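*Asks:*
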Amino acid sequence: MSHVYWILILNLWILKATSLQSGSRTVLREIGSGGGSDPKDYGVELNATNFDGVLKDTPATYAIVEFFAHWCPACRNYKPHYEKVARLFNGPDAVHPGIILMTRVDCALKINTGLCDKFSVSHYPMLFWGPPTKFSTGWKPNQEKSEIREIDNWRTAELLLNWINKQIGSSYGLDDKKFENEQLPSNISDPGQIAQAIYDVEEATATAFDIILEQKMTKSKTRASLIKFLQLLVAHHPSQRCRKGSAEVLVNFDEFCPLDMWSSDKHDVPTSNLKEVLHDFQICGKEVPRGYWMFCRGSRNETRGFSCGLWVLMHSLSVRIEDGESQFAFTSICDFIHNFFICEECRQHFYEMCSRVTSPFKKSRDFALWLWSAHNEVNERLMKEEASLKTGDPKFPKIIWPPKQLCPSCYHLQGPKDKGTNQIDWDQNEVFKFLMSYYGNTLISLYKGKDVLADGRTNATLDDLVTSTNAVVVPIGAAFAIAIASCMFGALACYWRSRQKSRKYYHQPYYLKNI
């Protein structure tokens, strides 16, 4: 017994020393909290464990990384200037979201020593600019052909923002308000812009399910249509993380939404339990919804956004299905919109278009073209209403899609006879090719370039972002002590098991003695 006693004492002493060591280390600050300082910090704090992953996965076109040290007085004094600019670009309340990701790395933390060396950080603070995915290569002075640049004029918020404006040809101001001074590019001439909509498709998916839960729309008569739509998302959603999240919900659906949930003695179950359980699944990952739109961002708060993202999602599904799935996709989408789209007039009009289809779809091409035609019918109706009521987005007016600038081959040579979609002499073969390219490969091109669709690393990377910003930095000595403690406990376990075997041998019950 004395052996066991001393082993336990030794292990307790090691664990106590470990806790003291780790407690004396800096706790990495949460993004947006500043480690207990100003709760409105906008600069995203990164470290060596999540640096490459977060920059790789951001929707932003550009990134700024500030290398600083928390003990540096100049860095502390510069932080309010940096935050004034970060307010414009970072977070769900950003004035100009999705353009620049502004981040910070604390070089005073041992975990970041190698990362700061990789960027040849020679003084604090140092600021770098470039495409987010290019930061993985690091930076060296006088390096040729590097897309990462050191920012040389940053000492005040005004100077930094002026420098940014020169780089991207913008005229942003520190006093900009949301949906003011917008410089949104038109989407009718550059087909590559749809690539940004992959983030909007994720946003729309997460938002749609949030609405279903908030409005308590899952009932016995709508349960089947939700399951069918989830099946469609699992197979054909353009985002892997949404496919994965939808699969998790679907696999567990019968557990938290059983058929007898709506029986007479269970009236109160659906509204509370379903909402709580489904929110835990986070259908498109922990970072979605982000709170802003990219391709679908309107110039006004009330325009585009969710409805645009939902249309892109439906078009992307229509070009990914096989011929044998076309009727299933049609009924799944029609039922989903009819049962779960909260705009009453919109869903009734959509359902009326669905009801006009008299024969089942046998080809995916036919379904994709029907959805395209239905979308244009909606646009044509809204064009007239928004023109008379002045409620449309002045920068993104409703038009018949696709315009000639995007797909000249979609129109026959004689051109349109009228403005209405039914009067245009379409080349439907060319329209289908356009839809396949636009909502197919081009839509997922950003994710393909980042390998997000190829494997499951995205969720792990973003999980690292959350985990590492709330974790204690464990020094090597503490880690070694933990390893020793583990070995000691292992030895203790082996010793105890050997004693138990001995006890079993000598003290078997009487009825086992002769076996």
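Read in order, the letters of the sequence shown correspond to residues -19 to -1, 1 to 496 in mature numbering (1 follows the signal peptide of the UniProt record, and there is no 0).
Note that the Cβ used here is the ideal one computed from N, Cα and C, for glycine as well.
Computed from a prediction, not measured in an experiment: that's the story for all the values here.
(1) Do the segment 94 to 109 and the segment 30 to 49 touch if we need at least three Cβ pairs shorter than 8 Å?
(2) For G226, collect the residues of the same chain with a Cβ closer than 8 Å to its Cβ; drop the 5 residues on either side in sequence, then sort them by chain order.
(3) Please return the same chain residues whose Cβ sits closer than 8 Å to the Cβ of T118, not counting the five positions on each side in sequence.
(4) Ends of the alpha helix (DSSP H) at I145?
(5) With DSSP as the reference, label R278 as helix, strand or coil.
(6) Does the beta-carbon of T186 have 16 or more other beta-carbons within 10 angstroms, so that it is buried, or is it exposed?
(7) Once DSSP output is grouped into helix, strand and coil, what is the label at L90?
(8) In terms of residues, what are the limits of the beta strand (DSSP E) holding L214?
(9) If I measure Cβ to Cβ from S101 and keep anything under 7 Å in the same chain, skipping five residues before and after, which residues do I get?
(10) Hey, would you say L36 sits closer than 8 Å to T114, going by beta carbons?
(11) Are the segment 301 to 311 and the segment 341 to 355 touching, with three or more C-beta to C-beta distances below 8 Å?
(12) Over what stretch of residues does the beta strand (DSSP E) that includes A44 continue unbroken?
(13) If you reduce the DSSP assignment to three classes, tell me which class I132 lands in.
(14) Contact between the segment 208 to 224 and the segment 311 to 328: three or more CB pairs below 8 Å?
(15) Mind the definition here: the segment 325 to 341 touches the segment 228 to 237 only if three or more C-beta pairs lie below 8 Å; say whether that holds.
(16) Would G24 and T423 be called neighbours here (beta carbons separated by less than 8 Å)?
(17) Take the Cβ of E125 as the centre, count every other Cβ of all protein chains shown within 10 Å, and call the residue buried at 16 or more, exposed below.
(18) Identify which residue in Q404, P384, I425 and L427 has its Cα closest to the Cα of L411.
(19) When we look at the beta-carbon of V269 and count the other beta-carbons within 10 Å, is it buried (16 or more) or exposed?
(20) Grab me the residues of G95's own chain with a C-beta within less than 7 Å of its C-beta, minus the 5 sequence neighbours each way, in chain order.
(21) Considering only the beta carbon of each residue, do L69 and Y180 sit closer than 8 Å?
(22) Does the Cβ-Cβ distance between G79 and M275 come in under 8 Å?
(23) If Y392 sits next to I405, beta carbons under 8 Å apart, how far is it from one beta carbon to the other, in whole angstroms?
(24) Are there 16 or more other CB atoms within 10 angstroms of the CB of A67, so buried, or fewer, so exposed?
(25) For L96 and chain C, any beta-carbon pair shorter than 8 Å?
(26) Are the CB atoms of A176 and L363 within a distance shorter than 8 Å?
(27) How many angstroms separate the CA atom of W407 from the CA atom of K414?
(28) Between the Cα of D282 and those of S336, S299, D156 and D374, spot the shortest distance and give me the residue it belongs to.
(29) Which same chain residues end up closer than 6 Å to S369 when comparing Cβ atoms and leaving out the 5 residues on each side of it in sequence?
(30) Tell me which same chain residues have a C-beta within less than 6 Å of the C-beta of C335, skipping the five on either side of it?
(31) When we look at the beta-carbon of L416 and count the other beta-carbons within 10 Å, is it buried (16 or more) or exposed?
(32) Looking only at C-alpha atoms, which of L240, L291 and V76 sits nearest to L155?
(33) Identify which residue in A228, R285, P219 and S280 has its Cα closest to the Cα of K158.
(34) From E184 to D38, what does the alpha carbon distance come to, in whole angstroms?
(35) Start and end of the alpha helix (DSSP H) containing V35?
*Replies:* With the given structure in hand:
(1) Because the criterion of three Cβ pairs below 8 Å is met, the segment 94 to 109 and the segment 30 to 49 touch.
(2) What you label residue 226 is simply residue 245 of the sequence shown in a count that begins at 1. Cβ within range, chain order: F262, Q263, I264, C265 and G266.
(3) As a position in the sequence shown, residue 118 is number 137, starting the count at 1. Annotation for T118: S127 and I129 place their beta carbon closer than 8 Å to its own, counting only its chain and skipping 5 residues before and after.
(4) In the sequence shown, the residue the question calls residue 145 occupies position 164. Taken as a continuous stretch (DSSP letters only), the alpha helix (DSSP H) holding I145 covers A138 to I149.
(5) Your numbering for residue 278 matches position 297 in the sequence shown. Here R278 sits in strand by DSSP.
(6) Numbered from its first residue, the sequence shown carries residue 186 at position 205. With 16 or more other Cβ atoms within 10 Å, it is buried.
(7) If you number the sequence shown from 1, residue 90 lands on position 109. Taken through DSSP and simplified to helix, strand or coil, L90 comes out as coil.
(8) For the purposes of this step, residue 214 is taken as residue 233 along the sequence shown, with counting starting at 1. No beta strand (DSSP E) holds L214; the alpha helix (DSSP H) holding it covers R204 to H217.
(9) Translated into positions along the sequence shown, residue 101 becomes position 120. Hits under 7 Å: W120, K121 and P122.
(10) Translated into the one-based positions of the sequence shown, residue 36 becomes position 55. Translated into the one-based positions of the sequence shown, residue 114 becomes position 133. Cβ distance < 8 Å, so L36 and T114 count as in contact.
(11) Output reads yes: the segment 341 to 355 touches the segment 301 to 311.
(12) Position 63 of the sequence shown holds residue 44. Y43 to F49 is the extent of the beta strand (DSSP E) around A44.
(13) Taking the first residue of the sequence shown as 1, we reach residue 132 at position 151. Here I132 sits in coil by DSSP.
(14) Touching, yes.
(15) Between the segment 325 to 341 and the segment 228 to 237, the count of Cβ pairs shorter than 8 Å is below three; the stretches do not touch.
(16) Position 43 of the sequence shown, counted from the start, is the residue given in the question as residue 24. Position 442 of the sequence shown, counted from the start, is the residue given in the question as residue 423. No; because the gap between Cβ atoms is not below 8 Å, this pair is not in contact.
(17) Along the sequence shown, one-based indexing puts residue 125 at 144. Per the 10 Å Cβ criterion, exposed.
(18) Residue 411 sits at position 430 when you count from the first residue of the sequence shown. What sits at residue 411 in the sequence shown is Glu, not Leu. For the residues Q404, P384, I425 and L427, the minimum Cα distance to E411 belongs to P384.
(19) For the purposes of this step, residue 269 is identified with residue 288 of the sequence shown, where counting begins at 1. Flag for V269 reads buried.
(20) Residue numbering aside, residue 95 sits at position 114 when the sequence shown is read from its first letter. In the same chain as G95, and ignoring 5 residues on each side of it, the C-beta atoms closer than 7 Å to its own belong to A29, in chain order.
(21) By one-based count along the sequence shown, residue 69 stands at place 88. By one-based count along the sequence shown, residue 180 stands at place 199. Annotated as distal: L69 and Y180, with beta-carbon spacing of 8 Å or more.
(22) The residue given as residue 79 occupies position 98 in the sequence shown. The residue given as residue 275 occupies position 294 in the sequence shown. Cβ atoms of G79 and M275: closer than 8 Å.
(23) Position 411 of the sequence shown, counted from the first residue, corresponds to residue 392. Position 424 of the sequence shown, counted from the first residue, corresponds to residue 405. Y392 to I405, Cβ: 7 Å. Contact.
(24) Here residue 67 is taken as the residue at index 86 of the sequence shown, counted from 1. The residue in question, A67, is buried, as its Cβ has 16 or more Cβ neighbours within 10 Å.
(25) In summary, chain C is missing from the structure at hand, where a single protein chain is found.
(26) Numbered from 1 along the sequence shown, position 382 holds the residue referred to as residue 363. Numbered from 1 along the sequence shown, position 195 holds the residue referred to as residue 176. Contact: no.
(27) Indexing the sequence shown from 1 puts residue 407 at position 426. Indexing the sequence shown from 1 puts residue 414 at position 433. Roughly 13 Å between the two C-alpha positions.
(28) The residue labelled residue 282 in the question sits at position 301 within the sequence shown. Here the sequence assigns Asn to residue 282, which means Asp is not the residue at that position. It is D374 whose Cα lies nearest to the Cα of N282.
(29) Residue numbering aside, residue 369 sits at position 388 when the sequence shown is read from its first letter. Once the five neighbours on either side are set aside, S369 has no close Cβ partner at all.
(30) As a working note, residue 335 is residue 354 in the sequence shown. C315, listed in sequence order.
(31) Stepping through the sequence shown from its first residue, residue 416 is reached at position 435. When all chains shown are included, L416 counts as buried.
(32) The count along the sequence shown starts at 1 and reaches residue 155 at position 174. Of the listed residues, the one whose Cα sits closest to L155 is V76.
(33) Start at 1 with the first residue of the sequence shown, and residue 158 comes out as number 177. Residue S280 holds the alpha-carbon nearest to the alpha-carbon of K158 among A228, R285, P219 and S280.
(34) Within the sequence shown, numbered from 1, the residue matching residue 184 stands at position 203. Within the sequence shown, numbered from 1, the residue matching residue 38 stands at position 57. Between E184 and D38, the C-alpha separation is close to 15 Å.
(35) The sequence position of residue 35 within the sequence shown is 54, counting from 1. It spans F32 to D38 - the alpha helix (DSSP H) in which V35 sits, taken as one unbroken run.
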